[in-house]
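First residue of the sequence shown: 50, per the numbering used here; consecutive thereafter. No residue lacks a Cβ here, since even glycine has one placed at the ideal position from N, Cα and C. For reference, the structure is listed below as structure tokens.
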Amino acid sequence: MKKCIVISDSFKGTISSLEICRMAKQSVPKFFPHCQVLTVPVADGGEGTVDCFVEAIGVQPVTAAVTGPYGEPVQAVYGRRGERAIIEMAAAAGLPMVGERRNPGETTTYGVGQLIAHAVEQGCREILLGLGGSATNDGGCGCAAALGVRFYDRQGKTFVPTGLTLEQIHRIDCARARQLLQGVSITVMCDVDNPLCGPRGAAHVFGPQKGADEAMVERLDRGLHHLAQVAARDLGVSVAELPGAGAAGGMGGGCVAFLGARLKSGIECVLDTVGFDAMLEGTDLVITGEGRIDSQSVHGKVISGIAGRTKPRNIPLVALVGGIGEDAGEGYDLGVTAMFSIDRPARDFREYADKSAVYYQRTLEDILRLLRAMGT
């Protein structure tokens with residue numbers, strides 16, 4: 050083997066993408082001393098996204114003073130390379146920042162807008178914004194307000210809406226923001242297809258993990274419905290049913306409606322930004338992975354995005370994962386050559402005795418798939 054690429058998502062709560070890449074740089078040369086090893090750490094747009102790009106393509110970290118989820122002063126970091134800025138909303142509105150004080154009705158994305166404004170003022174003309182790990186449910190209104198969007202209540206007064214005050218929005222004016230962002234393109238890394246509101250919307254699906262009880266979820270959802278109606282009337286943009294609009298408490302929809310952003314698969318953004326297609330030239334093997342591979346992994350996640358690039362080139366793709374779901378077989382059709390779990394301790398055979406033969410045959414076939422792909 051002359052060239053190998055290791056491009057893996059983190060195993061959430063256990064191993065980071067950066068750690069996986071460092072281990073690969075240590076291990077592969079032990080068995081293939083003359084192999085060129087390229088590593089690409091991957092994040093989904095949430096916490097750690099900027100660090101991954103710093104490691105992968107050498108973007109420069111930039112620190113800016115902004116406001117946090119509750120308006121408190123924080124120092125947030127984004128990445129810059131030339132005229133491109135890479136921002137993760139978790140740096141200014143992340144769930145870990147609120148600790149036990151979880152209240153998506155009051156938290157704001159204002160600091161995220163301040164980060165974008167800072168990057169634009171520094172000369173950046175291309176913004177790559179990662180959604181994920183947010184503590185908010187304000188439909189991106191805070192972010193928009195920091196960039197000049199004005200929200201008026203029925204008395205004609207401007208205010209910065211939060212999750213529980215979205216229903217107070219009577220009129221929206223984006224003129225100032227459009228002037229500020231003229232000539233600036235914003236691409237939003239979004240790996241969910243949830244609409245803005247409704248049973249699969251931001252409030253119902255993600256609100257509880259951010260601290261919303263049942264009553265608050267209903268109120269937040271009504272607020273997002275109202276926001277969508279006003280945006281459609283005043284801005285001519287319909288985001289209520291837009292796939293991905295519900296990402297990060299409605300931030301996906303807000304970025305489209307207020308900032309003219311486009312939503313794009315997170316992994317596709319990463320692969321394009323690091324020049325993955327060019328990396329694949331002359332590659333013998335690609336190793337990817339995540340905490341668990343299952344049917345969700347084959348629909349817009351890291352492994353599916355990578356497989357979409359390796360399969361047309363007939364490059365073997367091995368998925369090294371924490372766990373393998375019963376429905377993970379779809380990955381083979383997608384382009385995964387073989388899957389292996391890192392779990393080592395044996396479980397009590399009585400837990401899976403009825404499936405031992407099936408598991409044995411699957412593992413055997415994974416080894417055979419890999420050997421066939423490698424031409425052994």
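Practice task
Report the rounded CA-to-CA distance for THR116 versus PRO122, giving the unit in angstroms.
Solution key: 5 Å
Practice task
Would you check if there are 3 or more beta carbon pairs closer than 8 Å linking the segment 297 to 315 to the segment 329 to 346?
Solution key: no
Practice task
Would you kindly check if the distance between the Cβ of ALA251 and the Cβ of ASN186 is under 8 Å?
Solution key: yes
Handout entry: ASP14 in three-state terms, based on DSSP
Key = For residue 14 there is no data in the structure shown, the boundaries of the chain being 50 and 425.
Handout entry: Length of the line joining the Cα atoms of ARG358 and PRO110
Key = Spanning the alpha carbons of ARG358 and PRO110 requires a straight line of approximately 29 Å.
Problem - 3 or more residues per run - each beta strand (DSSP E) lying fully within the segment 122 to 184 - result: 122 to 130, 133 to 137 and 175 to 179
Problem - Residues near ALA294 in its chain [Cβ-Cβ closer than 6 Å; skip 5 each side] - result: PRO244, LEU245, VAL288, GLY301 and GLY302
Practice task
May I ask you to verify whether the segment 203 to 219 touches the segment 161 to 168, counting CB pairs closer than 8 Å and requiring at least 3?
Solution key: Between the segment 203 to 219 and the segment 161 to 168 there are fewer than three inter-stretch CB-CB distances shorter than 8 Å, so the stretches are not counted as touching.
Practice task
Compare the Cα-Cα distances from ARG220 to each of LEU312, ARG203 and ARG130 and report the closest residue.
Solution key: Comparing Cα-Cα distances from ARG220 to each of LEU312, ARG203 and ARG130, the minimum goes to ARG203.
Exercise for the section: Below 6 Å CB to CB, which residues in the same chain sit around LEU144 once its five sequence neighbours on both sides are set aside? Expected result: GLY182 and ALA184
Practice task
Please classify LYS52: does DSSP put it in a helix, a strand, or coil?
Solution key: strand
Problem - Residues near PHE60 by beta carbon distance below 6 Å, same chain, minus five either side - result: GLY340 and GLY371
Exercise for the section: Could you tell me if SER66 is buried or exposed, where buried requires 16 or more neighbouring beta carbons within 10 angstroms of its beta carbon? Expected result: Looking at its Cβ environment, which holds 16 or more other Cβ atoms inside 10 Å, SER66 is buried.
Exercise for the section: Pick helix, strand or coil for SER353, following the three-state DSSP scheme. Expected result: In the structure shown, SER353 sits in a helix (DSSP, three-state: H, G or I).
Practice task
Tell me whether LYS313 sits in a helix, a strand or coil according to DSSP, three-state version.
Solution key: strand
Exercise for the section: Assign GLU137 to one of two classes, buried (16 or more other C-beta atoms within 10 Å of its C-beta) or exposed (fewer than that). Expected result: Around the beta carbon of GLU137, 16 or more other beta carbons lie within 10 angstroms, which makes this residue buried.
Handout entry: Alpha-carbon spacing of LEU178 relative to GLY95, whole angstroms
Key = 10 Å
Practice task
Just the C-alpha distance for GLY205 and THR236, rounded to the nearest angstrom, thanks.
Solution key: 32 Å
Exercise for the section: Verify the CB distance criterion: does ALA92 have a CB-CB separation below 8 Å to chain C? Expected result: Absent from the structure: chain C. Only one protein chain is present.
Practice task
Would you identify the three-state DSSP class for ALA280, choosing helix, strand or coil?
Solution key: Residue state for ALA280 is assigned as helix, using DSSP reduced to three classes.
Problem - Backbone secondary structure at PRO257 - three-state DSSP - result: Helix.
Handout entry: Option in TYR381, GLU400, THR412 and ASP376 with minimal Cα separation from ILE391
Key = THR412
Practice task
Measure from the alpha carbon of ALA297 to the alpha carbon of each residue in LEU312, GLN410, GLY285 and ASP283, then state which is nearest.
Solution key: Ranking the options by Cα distance to ALA297, first place goes to LEU312.
Problem - the segment 51 to 60 touching the segment 80 to 88, judged by at least three CB pairs closer than 8 Å - result: Counting C-beta pairs closer than 8 Å gives three or more between the segment 51 to 60 and the segment 80 to 88, which meets the contact rule.
Practice task
Have a look at ALA406, ARG362, VAL407 and ARG418 and flag the residue whose alpha-carbon is nearest the alpha-carbon of TYR381.
Solution key: ARG418
Exercise for the section: Look at the Cβ atom of GLY209, then the Cβ atom of THR157, and state whether they are nearer than 8 Å. Expected result: Residue identity differs from the one stated: residue 209 is Val in this sequence, not Gly. Going by C-beta atoms, VAL209 is nearer than 8 Å to THR157.
Handout entry: beta strand (DSSP E) runs contained entirely in the segment 297 to 347, provided each spans 3 or more residues
Key = Whole beta strand (DSSP E) segments, 3+ residues: 311 to 313 and 334 to 337.
Practice task
Quick one: grab the DSSP three-state call for VAL86.
Solution key: strand
Problem - Neighbourhood of HIS275 by C-beta, 8 Å cutoff - its chain only, sequence neighbours within 5 removed - result: LEU215, GLU216 and ILE218
Handout entry: Start-to-end residues for the alpha helix (DSSP H) that takes in LEU369
Key = From DSSP, LEU369 is part of no alpha helix (DSSP H) but of the beta strand (DSSP E) over 366 to 370.
Practice task
Return the chain-ordered list of same chain residues with a C-beta closer than 7 Å to the C-beta of VAL385, the five sequence neighbours on each side being excluded.
Solution key: Within the same chain, VAL385 has close Cβ partners ILE352, ALA356, LEU366 and ALA368.
Practice task
With distances taken Cα to Cα, identify the nearest neighbour of CYS239 among GLU317, GLY309, ILE165 and GLN258.
Solution key: GLU317
Problem - Backbone CA spacing between CYS173 and VAL286 [nearest angstrom] - result: 26 Å
Practice task
Could you tell me the distance, in whole angstroms, from the CA atom of GLY260 to the CA atom of GLY191?
Solution key: Between GLY260 and GLY191, the alpha-carbon positions lie close to 19 Å from each other.
Exercise for the section: Report the rounded CA-to-CA distance for LYS74 versus ILE56, giving the unit in angstroms. Expected result: 12 Å
Practice task
Decide if PRO82 is buried, meaning its Cβ has at least 16 other Cβ atoms within 10 Å, or exposed.
Solution key: exposed
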